[in-house]
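Please read the structure below before turning to the comments.
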Amino acid sequence: MYPEFAIDPAQLDAFESTRTGIVVEEGMLARFGWSLGDRIPIEGDIWSLKDGSRLWQFDLVGTYRHRDPGEAAPVSLLMHYDYFDEARSFEEGAVGWYTVRVSDPEQAPAISGAIDALFENSPSPTKTSTEAEFARSFAAQIGDIALMATGILSAVFFTILLLTANTMSQSLRERIPELAVLKTVGFSDARTSLLVVGESVLLCVLGALLGVGLGALLLPVASVATQQFMGPVSMSLDILLQSVAFAVALGLVVGALPALTAQRLRIVEALRRG
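Residues in the sequence shown are numbered consecutively from 1, following my numbering.
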């Protein structure tokens, strides 16, 4: 079903022949201190056994990984449905979802419609969608992720705008005598203003590059935790360019008032203040 994932053939055979066997993402071994062959007790939050207990017992017989060493496989645990269905205390025979692989992606909408039409009048009608749409609908149960992210980022951007503006204003006040000296030796008002704006833009761009760089380093870790719900997350060149563009715009906005102050600066008053 998922050719991008790999499992040792011997471990696959062990999984198929062990009713209580489970296969986990290989990184989970180090995370939980497990070893192949361990008996793993897992306490269920929802599903209980027929004897009333919530403690499920599984045998760890294998691990899976992504075939591409640079990609991370989703962190999950795979078990036998037959064992789970017979042991649980309620909802026997029920299934949350099926995964169907189509040979031609262009036919996915038609196949989805055909599946839903087949179960339309059944006690359990289906809603077939692509994995990407399913992940978005699953995330939507938490809330409007896009709206929340936009709100948080807007608040962060506004805070950065205020902090950077305050930093630039403070820096300008401390260097008024220096700007007066520059004007004394022949710097024009426009050139002095450009120096102030350039400093503001440089400060914002360097901060953006630092933030994007740290984000790129942490993104693989975050992607492992979220990709089973939202799909893999990556940072493209477009995002980097957009970040730089926003940083330049922020620098221009923040540097506008200090640049105007520098342009209107009177040499005699500035030197007297210094």
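C-beta atoms are modelled at their ideal positions from N, C-alpha and C, and glycine is treated no differently.
Whole-angstrom Cβ separation of A94 and L49, contact assumed at under 8 angstroms? About 16 angstroms separates the two Cβ atoms, so there is no contact after all.
Report the three-state DSSP secondary structure of Y81 (helix, strand or coil). helix
Looking at the unbroken alpha helix (DSSP H) that takes in R31, where does it start and where does it end? 27 to 32
Can you tell me the Cα-Cα spacing of L36 and L77, whole angstroms? 14 angstroms
Can you tell me whether W97 is buried or exposed, with buried defined as 16 or more other CB within 10 angstroms of its CB? exposed
Run through the DSSP bridge pairs and tell me what P41 is partnered with. Q57
Could you tell me how far apart the beta carbons of F119 and T126 are, in whole angstroms, since I believe they sit closer than 8 angstroms? 5 angstroms
Rounded to the nearest angstrom, how far is the Cβ of R65 from that of E26, given a contact under 8 angstroms? 5 angstroms
Thinking V201 and L252 are a contact (beta carbons under 8 angstroms), I'd like their distance in whole angstroms, please. 6 angstroms
Going by the DSSP bridge assignment, what does L49 pair with across the sheet? R88
How would you write the range of the beta strand (DSSP E) that A6 sits in, first residue to last? 5 to 7
L209 to I176, Cα distance in whole Å? 29 angstroms
Can you tell me whether W56 is buried or exposed, with buried defined as 16 or more other CB within 10 angstroms of its CB? buried
Sorted by chain position, which residues of the same chain lie with C-beta nearer than 8 angstroms to A297's C-beta, five sequence neighbours on each side aside? With the chain represented from 1 up to 274, any question about residue 297 goes unanswered, as that position is not in the structure.
Per DSSP, what kind of secondary structure is V221 in: helix, strand or coil? helix
Local conformation of V185 per DSSP, three classes: coil
Return the residue from the list Q242, A6, D238, T261 that minimises the CA-CA distance to R191. T261
Have a look at L147 and S154 and give me their C-alpha separation to the nearest angstrom. 10 angstroms
Roughly how many angstroms separate the alpha carbons of S53 and D38, rounded to a whole number? 21 angstroms
Which residue wins for smallest C-alpha separation from A247, given the options Q170, F158, A14? F158
Best match in N121, S243, Q263 for proximity to K183 [C-alpha to C-alpha]: Q263
Could you pull out every unbroken alpha helix (DSSP H) segment of at least 4 residues lying fully inside the region 164 to 215, listed in chain order? 176 to 184
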